[in-house]
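Undergrad: In the UniProt record's numbering, the protein residues as written are 1 to 292.
Built from N, CA and C at the ideal position, the CB exists for glycine as well.
Here it is: the structure, laid out below.
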């Protein structure tokens, strides 16, 4: 269950919330629909509930033996939200297929791979399709469309507005805000990759997504964070789509990130703006070169 581990933990925690309000659980298909997970994941949840003494499970009978306590829950840091899990799996599937225009995405296969219900996958794809990057076809199929130069230019313009605003907001976060601890952890991974750049340069795209999402969340603006989905697929994963000079390009981007992180820590608005603009300029150039 390694691949589905975060799906399982997230669904298990949500199932405990259901247990807090009922004396018995519904059928496996109903529970799967409630939690938006596959039947395999439902059975893994029921098995664990039985192991920790929360449930007596005998075929169709599922009797709640006690109410959940705090210790029954998996720690929050071990559970990703369902949308984050779907997004990451969607990105990996696209990368594995080379991200070529015309590439097909099957929502049933994607749901099976993650271990969740198709409804959640379909909702994610519908939300994504409004940007014109993927298009619905019959029989649960979707098609990846190409990226034009005009699309890239429009996207970079909006990205720069949003990220400059988010970076400025980051500087005003209080010292005890958890974002600063996450920034420390992200910085440490940057140094680790740079120290072994020959072997780890392909690790950059996921780190890039993690770093920029952290900055965008500082905006506390739901539209900015929601827009990040499109930024991730076009910019960050583009580092892997375009493999020309990937090691050198990723090494330079890592150095730019470190300068950006240093600027954020300084809380100096002019330093932050300069570092942010410098990095976004490089990202725009890389994107446009690859489209050409």
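Roughly how many angstroms lie between the CA atoms of residue 150 and residue 287, to the nearest whole one?
TA: Roughly 12 Å between the two C-alpha positions.
Undergrad: From residue 262 to residue 148, what distance separates their C-alpha atoms?
TA: Distance between the alpha carbons of residue 262 and residue 148 is about 34 Å.
Undergrad: Helix, strand or coil for residue 279, going by three-state DSSP, please let me know.
TA: The answer is helix: DSSP assigns residue 279 an H, G or I state.
Undergrad: Straight-line CA distance for residue 254 to residue 71?
TA: C-alpha separation (whole angstroms): 39 Å.
Undergrad: Which ranges does the alpha helix (DSSP H) cover as unbroken runs of at least 4 residues, wholly within the stretch 51-136, from first to last along the chain?
TA: Counting only runs of 4 or more, we get 82-96, 107-114 and 118-129.
Undergrad: Apply the 10 Å Cβ neighbour rule to residue 6 and answer buried if 16 or more other Cβ atoms are within range, or exposed otherwise.
TA: With 16 or more other Cβ atoms within 10 Å, it is buried.
Undergrad: Helix, strand or coil for residue 172? Go by DSSP, reduced to three states.
TA: Three-state result, residue 172: coil.
Undergrad: In chain order, what residues of the same chain lie with their CB nearer than 8 Å to the CB of residue 34, ignoring the 5 residues before and after it?
TA: Closer than 8 Å at Cβ, skipping near neighbours: 18 and 26.
Undergrad: Sorted by chain position, which residues of the same chain lie with C-beta nearer than 6 Å to residue 46's C-beta, five sequence neighbours on each side aside?
TA: Counting only Cβ-Cβ distances below 6 Å, and skipping sequence neighbours, we find 57.
Undergrad: To which residues of the same chain is residue 275 closer than 7 Å at the C-beta, ignoring the five residues directly before and after it?
TA: Hits under 7 Å: 259, 260 and 263.
Undergrad: Under 9 Å between the Cβ atoms of residue 125 and residue 231?
TA: Taking 9 Å as the Cβ cut-off, residue 125 and residue 231 do not qualify as a contacting pair.
Undergrad: Starting from the Cα of residue 211, find the closest Cα among 122, 166 and 248 and give me that residue.
TA: Comparing Cα positions, the closest option is 166.
Undergrad: May I have the straight-line CA-CA distance separating residue 103 from residue 134, to the nearest angstrom?
TA: Answer to the nearest angstrom: the Cα atoms are 10 Å apart.
Undergrad: Given this structure, state the Cα-to-Cα distance separating residue 178 from residue 189, to the nearest angstrom.
TA: If I take the Cα positions, the gap works out to 17 Å.
Undergrad: Taking the C-alpha atoms as reference points, what is the distance between residue 122 and residue 207?
TA: For residue 122 and residue 207, the distance between alpha carbons rounds to 26 Å.
Undergrad: Hey, how far is the Cα of residue 158 from the Cα of residue 272?
TA: If you take the alpha carbons of residue 158 and residue 272, they lie about 18 Å apart.
Undergrad: Taking 6 Å as the limit between beta carbons, can you name the residues of its chain near residue 105, skipping five residues before and five after?
TA: Around residue 105: 142.
Undergrad: Please state whether the Cβ-Cβ distance between residue 50 and residue 39 is less than 9 Å.
TA: No. Outside cutoff.
Undergrad: Whose C-beta lies closer than 8 Å to the C-beta of residue 53 among residues of the same chain, with five residues either side of it excluded?
TA: 65 and 66.
Undergrad: With DSSP collapsed to three states, give me the class of residue 24.
TA: In this structure, residue 24 counts as strand in the three-state DSSP scheme.
Undergrad: Take the Cβ of residue 132 as the centre, count every other Cβ of all protein chains shown within 10 Å, and call the residue buried at 16 or more, exposed below.
TA: Looking at its Cβ environment, which holds fewer than 16 other Cβ atoms inside 10 Å, residue 132 is exposed.
Undergrad: The beta strand (DSSP E) with residue 144 in it runs from where to where?
TA: First-last of the beta strand (DSSP E) with residue 144: 141-144.
Undergrad: Can you list, in chain order, the residues of its chain whose CB lies under 7 Å from that of residue 22, leaving out five sequence neighbours each side?
TA: Only 64 meet the Cβ criterion.
Undergrad: Between 170, 114 and 247, which has its C-alpha nearest residue 267's C-alpha?
TA: Residue 267 has its Cα closest to that of 170, out of 170, 114 and 247.
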